[in-house]
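Colleague: Here it is, the structure in full.
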Amino acid sequence: MGGADLIGKSVTRPDALDKVTGGRGYPVNVNLPGMLHGKLLRSPYAHARVRRIDTSEAQRLPGVKAILTARDVPQIPFCPVYFVPSDGETLIRDMLILGDHVRFAGQPVAAVAAISEAIAEAALALIDVDYEELPAVFDPEQAMADGAPQLHDGVARNIAKNPSFEFGDVEAGFAEADHIFEGVYQTQRVHTCYMEPRVCVIDCDRDGHFTVHSSMQHIFGLREKLAYALGIDESRVTVMKPPYIGGGFGGKLDMGYIEPLAALLSQKTRRPVRIEQTRYEDFICTTRNPIKMWLKTGVKADGTITARQAKSILDSGAHATHGAQVIMVHGLFGMTFPYRCPNKKWEGFTVYTNNIIGGGYRGYGAPQGCFAVESQIDEICEKLGLDPIEFRIRNALRKGDPHPFNPAWTLNSYGYEEALRRGAERIGWATRKPAGSSSGVRKRGIGVGTQGIWVSGCMGFPDIYEHTGAIVKLNRDGTADVATGTVDIGSGAITALSQIAAAELGIGVDKVRLVSASTDTVPFDAPTHASRVTYSSGLAIKAAAAEAKKRVFEIAAGLLEANPDDLEMIDAQVRVKGSPQSSLALTEVIRVAETPFIKDTLAGPRPSSPPQYKGTIMGSSSLAPPENPSPAAAMFAEVEVDTETGQVKVLRCVYAHDLGRLINPNGAEGQVEGGIQQGLGYALMENLVFDQDNGACLSADFLDYKMPTAVEMPRVIESIFVETNEPSGPFGAKSLSEQCVTVPAAAIAAAVYNAIGVRITELPITPERVLRALGKL
Amino acid sequence: MALPELKEFCRPQSAAELSSVFETYADGALFVAGGTFVHGLEARGLLSGVQALVDLRRMGLDTVSADDRGWRVGATVNFTRLGKMPGIDAPAFGALRDALACPPPQIRNMATIGGSIAASVPFFDVPAALLALDAVVITGTGVASRELPLAGVYTGLFTNSLAPGEYISSVFVPRPAARTASAYLKLETNANDLALIGVAVRVTMDASRRISDPRVVLGGGLNATHIRSAAAEAVLKGATASEELFQRAAEAIGTEIKPMSDHRCSAEYRAAMGKVYVRRALQRAIDRLV
Chain A
1 MGGADLIGKS
11 VTRPDALDKV
21 TGGRGYPVNV
31 NLPGMLHGKL
41 LRSPYAHARV
51 RRIDTSEAQR
61 LPGVKAILTA
71 RDVPQIPFCP
81 VYFVPSDGET
91 LIRDMLILGD
101 HVRFAGQPVA
111 AVAAISEAIA
121 EAALALIDVD
131 YEELPAVFDP
141 EQAMADGAPQ
151 LHDGVARNIA
161 KNPSFEFGDV
171 EAGFAEADHI
181 FEGVYQTQRV
191 HTCYMEPRVC
201 VIDCDRDGHF
211 TVHSSMQHIF
221 GLREKLAYAL
231 GIDESRVTVM
241 KPPYIGGGFG
251 GKLDMGYIEP
261 LAALLSQKTR
271 RPVRIEQTRY
281 EDFICTTRNP
291 IKMWLKTGVK
301 ADGTITARQA
311 KSILDSGAHA
321 THGAQVIMVH
331 GLFGMTFPYR
341 CPNKKWEGFT
351 VYTNNIIGGG
361 YRGYGAPQGC
371 FAVESQIDEI
381 CEKLGLDPIE
391 FRIRNALRKG
401 DPHPFNPAWT
411 LNSYGYEEAL
421 RRGAERIGWA
431 TRKPAGSSSG
441 VRKRGIGVGT
451 QGIWVSGCMG
461 FPDIYEHTGA
471 IVKLNRDGTA
481 DVATGTVDIG
491 SGAITALSQI
501 AAAELGIGVD
511 KVRLVSASTD
521 TVPFDAPTHA
531 SRVTYSSGLA
541 IKAAAAEAKK
551 RVFEIAAGLL
561 EANPDDLEMI
571 DAQVRVKGSP
581 QSSLALTEVI
591 RVAETPFIKD
601 TLAGPRPSSP
611 PQYKGTIMGS
621 SSLAPPENPS
631 PAAAMFAEVE
641 VDTETGQVKV
651 LRCVYAHDLG
661 RLINPNGAEG
671 QVEGGIQQGL
681 GYALMENLVF
691 DQDNGACLSA
701 DFLDYKMPTA
711 VEMPRVIESI
721 FVETNEPSGP
731 FGAKSLSEQC
741 VTVPAAAIAA
751 AVYNAIGVRI
761 TELPITPERV
771 LRALGKL
Chain B
778 MALPELKEFC
788 RPQSAAELSS
798 VFETYADGAL
808 FVAGGTFVHG
818 LEARGLLSGV
828 QALVDLRRMG
838 LDTVSADDRG
848 WRVGATVNFT
858 RLGKMPGIDA
868 PAFGALRDAL
878 ACPPPQIRNM
888 ATIGGSIAAS
898 VPFFDVPAAL
908 LALDAVVITG
918 TGVASRELPL
928 AGVYTGLFTN
938 SLAPGEYISS
948 VFVPRPAART
958 ASAYLKLETN
968 ANDLALIGVA
978 VRVTMDASRR
988 ISDPRVVLGG
998 GLNATHIRSA
1008 AAEAVLKGAT
1018 ASEELFQRAA
1028 EAIGTEIKPM
1038 SDHRCSAEYR
1048 AAMGKVYVRR
1058 ALQRAIDRLV
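Those protein sequence lines, which keep their order, are chains A and B. So the first sequence is residues 1 to 777, counted in the numbering used here. So the second sequence is residues 778 to 1067, counted in the numbering used here.
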């Protein structure tokens, strides 16, 4: 294979062998000569002022090389979110590397570098901090009340952001409705649980240039945010691209405290400094924001939605960070876009509390909204006796409709209905029983959750990067080096992008290598997030490969005495279309390009080939995708609820998704299965728990933070990929990743309702909650 | 670092060596075998005073022997080997088989019978099963040895009646009566959870379904230690097995438990589940005799 037939094939991951034999490419394994180890001293108080810090005893501990406190670091307020420009006008810059105002339990107040982790840790215990404790607030609604403790100067009622929008006339819409439904939905705080901890190794050289190794999801974002927080030019920072990282899922989309502190410790000691977070530190550095949602929907008797009004309160924790972005995505894509409805109104609040800060997590505000919206639709259908599949299709958008996010775009490929119908057929929707009708202690139910509108990247979002680029360079042996800033966060990006490059070039996928890169050597790339890599990076790599191929054809055309436009490349052979006997091996074309102009022969120097053929064959791109096509997802879950214990077991999942075009079936199924694992955890058990008196994290490790293991996973997960061939995408592809996490909670909640006839509107659906809902506690 | 005082990892090979380690560190010594709970404790700051981890696995405590009275299992026999104990397929050992299936596979070659008892944690599964089987603990100190019923070991959460320097050398499991069955059931959130509830039961039942010598052991967070429910056992003793009887036995535990409330679930839920699990465990045991 070596051409377009590579698309849709489950080629082997090129990084698989390396990963299963130790994974030397993980940033956690970076080890530089003379490296020091950093540790952070964290506040035990959720809200406090640091009156005084005495580091003298710690300084005297043998092996300690440097200690930093607030007075040693730049006091430049920054926002750590990678994909928003640091100078964005609306950006909320409310963090300091180290400051004297502590706003959550676990916020660093000092950092130590020592010759070993143990010595650094021991030094922390010798630092004496005098805190003045301040009243704290952990509930966002309480934080919005009069008299609540204020977290940031000049932020009234702790409201960091208060977006709202209105389409049509909501009051008229409700007046038109035959039925009005209202509900309140609450989601919890969960962690992405990436396997590799956040880690960085930063080396400041004699010229004051920083070289950064990090486990983050965006090399250019880290360069920008680090330079901004340190108050230096971006060109003084080089971020190395890791071959891969041990998971991210959105949890590594912002600069942590460790990177600027490692940089400053390195600057002070002139030695590389490594900081690795413990699992506990990872748990308190990022989370999916909890959101409480009030949702009111007006419906006609036939099931047409006439109006929707919603309010969302997002607990942003101590700083705005992602919370200021999540609220927008949540309001638009989570609460508003998925169904046609002429009259919509929504208001959102991003609220400061003394909880940990929020971050990115697959779905970025959509899973919360999906849980509310889809749960209410299930309730509407139940009460009005409507079929949930037909209700959704009646109200859904259709192919050819204007894109709700940007009416200048059209839903050119849109397989929502097909996904829903094929999924329904596979799960056996027709055999679904009335809610609560199954007999016995263990009751079974089937439910569905969908998300009609989502993204393939961030094209069109205000103040969010989307452009991306690649360099494709052909080697004499017929292989292609592909350099891009896109970080593979475990999702198989390397594989899919290799397939796209190989398919465009017309060579085998084993001839393509994603090579090392850094912010110095490749064009800017937006982060690995927002389900964007296959679509956006795929387009950039395809464009760079096409440019390289164009150069191949220019040279080959001369050698074959043909027109470049008449050439094609298949299986590494350049051929005249329609005349396969007239062909040339790709390696021969490259040899012509790379050999010296004058060739020395036994008969003396002779010209080898014309000078215009000379030079490395390569192509490059740096571009923004033309659109932001929407995928569509429908998940069906079958559950069994033990009505004596409240335990919910997910027996089977069917997940149907319009991804435009399938690039790698195994990789796509992996994304679905991983997504369902995270979505199932969100639905049933995951919860970062904090002491409500002092804000301390009670989920220190996986003994207390529960996520589904193989045992809790359904025995059957079926993926259905609907291929609608997106015209703007690389080989017809659009996105997959995030919707797999967005829809499971809604589907499982609906299935639980179908099983027991009782609706749970607060996540996670723990056994205790189920039992209380059943009136048995 | 949650073991800030740690100075040494010792692997004594004899009682004499062990005594000398203990003389050096006294209360600063923590005996371990598989060490599978060390992380869980240290991450919660519960091992801050430990100066020496003393690994007992080279003490020759890993033999299994059987005689007419029962089985004697060395303290450092791991869960995988315990699961292959001769005779364990009998209905009487159902609780032990059930309990051994609970810990995640990742630790079964490391976790030991002695360690699971000495840790004195009511959330562990294997000790609950051993209590239902009337296990006896044999301890040593290097100079002396004694036997005490397993039920006499626990004094509270993380505390026990072993003297400083005293370690478990083996566990004796008596041969059960004919027509005896046992079962263990655990309520957990995921497969590597500690028990929210753990219930082990044992019954001997004659041909007319009359129950004799019952055991009802309650673990998980139903109390600070594993306890036997005398009230539930009294309901069962001499009575005829039936669903209704098991329900009455389950109800009887209500006065004896002191369930904990924590971020994992409430005391109310634990109490309710204790009853459900007693009933279900009894049924599961009886089913093994039919």
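Backbone N, C-alpha and C fix where the C-beta goes; we use that ideal spot for every residue, glycine too. Owing to the predicted nature of the structure, the values given are computational and were not obtained by experimental measurement.
Given this structure, state the Cα-to-Cα distance separating residue 788 of chain A from residue 501 of chain A, to the nearest angstrom.
Modeller: One cannot answer for residue 788 of chain A here, as it falls past the ends of chain A, which runs 1 to 777.
Colleague: Is there a Cβ of chain A sitting closer than 7 Å to that of residue 997 of chain B, yes or no?
Modeller: Taking the first residue of the second sequence as position 1, residue 997 of chain B is located at position 220. Not one chain A Cβ lies under 7 Å of residue 997 of chain B.
Colleague: Quick one, which of B:887, B:846, B:830, B:870 has its alpha-carbon nearest residue 858 of chain B's?
Modeller: Looking up residue 858 of chain B in the second sequence gives position 81. Taking only the C-alpha atoms, the option nearest residue 858 of chain B is B:887.
Colleague: State the Cα-Cα distance for the pair residue 79 of chain A and residue 88 of chain A, rounded to the nearest angstrom.
Modeller: In the first sequence, counting from the first residue as 1, residue 79 of chain A sits at position 79. In the first sequence, counting from the first residue as 1, residue 88 of chain A sits at position 88. Between residue 79 of chain A and residue 88 of chain A, the C-alpha separation is close to 10 Å.
Colleague: Expressed to the nearest angstrom, what Euclidean distance is found between the alpha-carbon atoms of residue 66 of chain A and residue 785 of chain B?
Modeller: By 1-based counting over the first sequence, the position of residue 66 of chain A is 66. By 1-based counting over the second sequence, the position of residue 785 of chain B is 8. Rounded to the nearest angstrom, the two C-alpha atoms are 29 Å apart.
Colleague: Just to confirm before moving on: does the CB-CB distance between residue 722 of chain A and residue 419 of chain A stay below 7 Å?
Modeller: For the purposes of this step, residue 722 of chain A is taken as residue 722 along the first sequence, with counting starting at 1. For the purposes of this step, residue 419 of chain A is taken as residue 419 along the first sequence, with counting starting at 1. The Cβ atoms of residue 722 of chain A and residue 419 of chain A sit closer than 7 Å to each other.
Colleague: What is the residue span of the alpha helix (DSSP H) that residue 381 of chain A lies within?
Modeller: As a working note, residue 381 of chain A is residue 381 in the first sequence. Unbroken alpha helix (DSSP H) run through residue 381 of chain A: 366-384.
Colleague: For residue 54 of chain A, would you say it is in contact with chain B, using Cβ-to-Cβ distances shorter than 7 Å as the test?
Modeller: Start at 1 with the first residue of the first sequence, and residue 54 of chain A comes out as number 54. Chain B, which has no Cβ nearer than 7 Å to the Cβ of residue 54 of chain A, makes this no.
Colleague: How would you write the range of the alpha helix (DSSP H) that residue 783 of chain A sits in, first residue to last?
Modeller: No answer is possible for residue 783 of chain A: it lies beyond the span of chain A, which begins at 1 and ends at 777.
Colleague: As a quick exercise: from A:5, A:190, A:668, A:695, pick the residue whose alpha carbon is nearest that of residue 365 of chain A.
Modeller: Position 365 of the first sequence, counted from the start, is the residue given in the question as residue 365 of chain A. Of the candidates A:5, A:190, A:668, A:695, the one whose C-alpha sits nearest the C-alpha of residue 365 of chain A is A:190.
Colleague: Less than 7 Å between the beta carbons of residue 517 of chain A and residue 225 of chain A, yes or no?
Modeller: Translated into positions along the first sequence, residue 517 of chain A becomes position 517. Translated into positions along the first sequence, residue 225 of chain A becomes position 225. Not closer than 7 Å, so no.
Colleague: Counting only Cβ pairs nearer than 8 Å, list the residues of chain B close to residue 95 of chain A.
Modeller: Counted from its first residue, the first sequence places residue 95 of chain A at position 95. Under the 8 Å cutoff, chain B gives no residues; its nearest Cβ is about 28 Å from residue 95 of chain A.
Colleague: So is residue 586 of chain A in contact with chain B if we call contact Cβ pairs under 7 Å?
Modeller: Against the first sequence, residue 586 of chain A aligns to sequence position 586. Cβ-Cβ to chain B under 7 Å: no for residue 586 of chain A.
Colleague: Taking the beta carbon of residue 1073 of chain B as the centre, do at least 16 other beta carbons fall within 10 Å, making it buried, or is it exposed?
Modeller: The requested residue 1073 of chain B does not occur in the structure, where chain B is confined to residues 778 to 1067.
Colleague: Between the region 841-851 of chain B and the region 947-958 of chain B, can you find at least three pairs of beta-carbon atoms closer than 8 Å?
Modeller: yes
Colleague: Could you round the C-beta distance between residue 131 of chain A and residue 51 of chain A to whole angstroms and report it? I think they count as a contact, below 8 Å.
Modeller: Locating residue 131 of chain A in the first sequence gives position 131, counting from the first residue. Locating residue 51 of chain A in the first sequence gives position 51, counting from the first residue. Right, the Cβ-Cβ distance comes to about 7 Å (below 8 Å), so this counts as a contact.
Colleague: Could you tell me which of A:772, A:490, A:275, A:705 sits nearest to residue 116 of chain A, measuring between CA atoms?
Modeller: Walking along the first sequence from the start, residue 116 of chain A turns up at place 116. Selection A:772, A:490, A:275, A:705 evaluated against residue 116 of chain A yields A:275 as nearest (Cα-Cα).
Colleague: Following the continuous beta strand (DSSP E) through residue 695 of chain A, name the residue where it begins and the one where it ends.
Modeller: Locating residue 695 of chain A in the first sequence gives position 695, counting from the first residue. It is not in any beta strand (DSSP E) - residue 695 of chain A carries neither H nor E in the DSSP assignment.
Colleague: So, at 7 Å on beta carbons, what are the nonlocal neighbours of residue 566 of chain A in its own chain, with the 5 sequence-adjacent residues on each side left out?
Modeller: The count along the first sequence starts at 1 and reaches residue 566 of chain A at position 566. Excluding positions up to five away in sequence, the list reads 576, 577.
Colleague: Using three-state DSSP, classify residue 15 of chain A as helix, strand or coil.
Modeller: On the first sequence, position 15 is the one that residue 15 of chain A refers to. In the structure shown, residue 15 of chain A sits in coil (DSSP, three-state: anything other than H, G, I, E or B).
Colleague: Quick one: using the 10 Å Cβ neighbour count with 16 as the cut-off for buried, is residue 621 of chain A buried or exposed?
Modeller: Your numbering for residue 621 of chain A matches position 621 in the first sequence. Flag for residue 621 of chain A reads buried.
Colleague: By DSSP, does residue 545 of chain A sit in helix, in strand, or in coil?
Modeller: Here residue 545 of chain A is taken as the residue at index 545 of the first sequence, counted from 1. Helix at residue 545 of chain A.
Colleague: Any C-beta of chain A sitting closer than 7 Å to the C-beta of residue 813 of chain B?
Modeller: Within the second sequence, numbered from 1, the residue matching residue 813 of chain B stands at position 36. Answer no: the Cβ-Cβ gap between residue 813 of chain B and chain A never drops below 7 Å.
Colleague: Please go through the same chain and pick out, in chain order, the residues whose beta-carbon is closer than 6 Å to the beta-carbon of residue 341 of chain A, but skip the five residues on each side of it.
Modeller: Numbered from its first residue, the first sequence carries residue 341 of chain A at position 341. Closer than 6 Å at Cβ, skipping near neighbours: 305, 308.
Colleague: Quick one: what does DSSP say residue 621 of chain A is sitting in, helix, strand or coil?
Modeller: In the first sequence, residue 621 of chain A corresponds to position 621, counting from 1. Residue state, collapsed to three classes: strand.
Colleague: May I ask you to report which of helix, strand or coil DSSP gives residue 437 of chain A?
Modeller: Taking the first sequence and counting its residues from 1, the one referred to as residue 437 of chain A is at position 437. Secondary structure of residue 437 of chain A (DSSP, three-state): coil.
Colleague: Classify residue 295 of chain A as buried or exposed, calling it buried when 16 or more other Cβ atoms lie within 10 Å of its own Cβ.
Modeller: For the purposes of this step, residue 295 of chain A is identified with residue 295 of the first sequence, where counting begins at 1. By the 10 Å Cβ count, residue 295 of chain A comes out buried.
Colleague: So is residue 1040 of chain B in contact with chain A if we call contact Cβ pairs under 7 Å?
Modeller: Taking the second sequence and counting its residues from 1, the one referred to as residue 1040 of chain B is at position 263. Chain A contact via Cβ: present.
Colleague: Is residue 957 of chain B closer than 7 Å to residue 897 of chain B when the C-beta atoms are compared?
Modeller: Taking the first residue of the second sequence as position 1, residue 897 of chain B is located at position 120. Taking the first residue of the second sequence as position 1, residue 957 of chain B is located at position 180. In this structure, residue 957 of chain B does not lie closer than 7 Å to residue 897 of chain B by Cβ.
Colleague: Please go through the same chain and pick out, in chain order, the residues whose beta-carbon is closer than 6 Å to the beta-carbon of residue 271 of chain A, but skip the five residues on each side of it.
Modeller: For the purposes of this step, residue 271 of chain A is identified with residue 271 of the first sequence, where counting begins at 1. Around residue 271 of chain A: 34, 36.
Colleague: Could you tell me the distance, in whole angstroms, from the CA atom of residue 470 of chain A to the CA atom of residue 48 of chain A?
Modeller: Numbered from its first residue, the first sequence carries residue 470 of chain A at position 470. Numbered from its first residue, the first sequence carries residue 48 of chain A at position 48. Each residue's Cα considered, the two are about 47 Å apart.
Colleague: What is the DSSP secondary structure of residue 734 of chain A, reduced to helix, strand or coil?
Modeller: Numbered from its first residue, the first sequence carries residue 734 of chain A at position 734. Of the three classes helix, strand and coil, the one that applies to residue 734 of chain A here is coil, per DSSP.
Colleague: Jot down the residue ranges of each uninterrupted beta strand (DSSP E) in the region 893-951 of chain B, minimum 3 residues, whole runs only, in chain order.
Modeller: If we require 3 residues or more, the beta strand (DSSP E) runs fully inside the region 893-951 of chain B come out as 913-917, 922-926, 931-933, 944-951.
Colleague: The beta strand (DSSP E) spanning residue 51 of chain A covers which residue range?
Modeller: Within the first sequence, the letter at position 51 stands for residue 51 of chain A. 48-54 is the span of the beta strand (DSSP E), which, as asked, contains residue 51 of chain A.
Colleague: According to DSSP, which residues form a beta bridge with residue 203 of chain A?
Modeller: To locate residue 203 of chain A, count along the first sequence from 1; it is residue 203. Paired residue(s): A:211.
Colleague: Pop quiz: residue 980 of chain B and residue 1062 of chain B are said to be a contact at Cβ under 8 Å. What is the actual Cβ separation, rounded to whole angstroms?
Modeller: Counting from one through the second sequence, the residue named residue 980 of chain B turns up at place 203. Counting from one through the second sequence, the residue named residue 1062 of chain B turns up at place 285. The Cβ separation is near 5 Å, so the contact holds.
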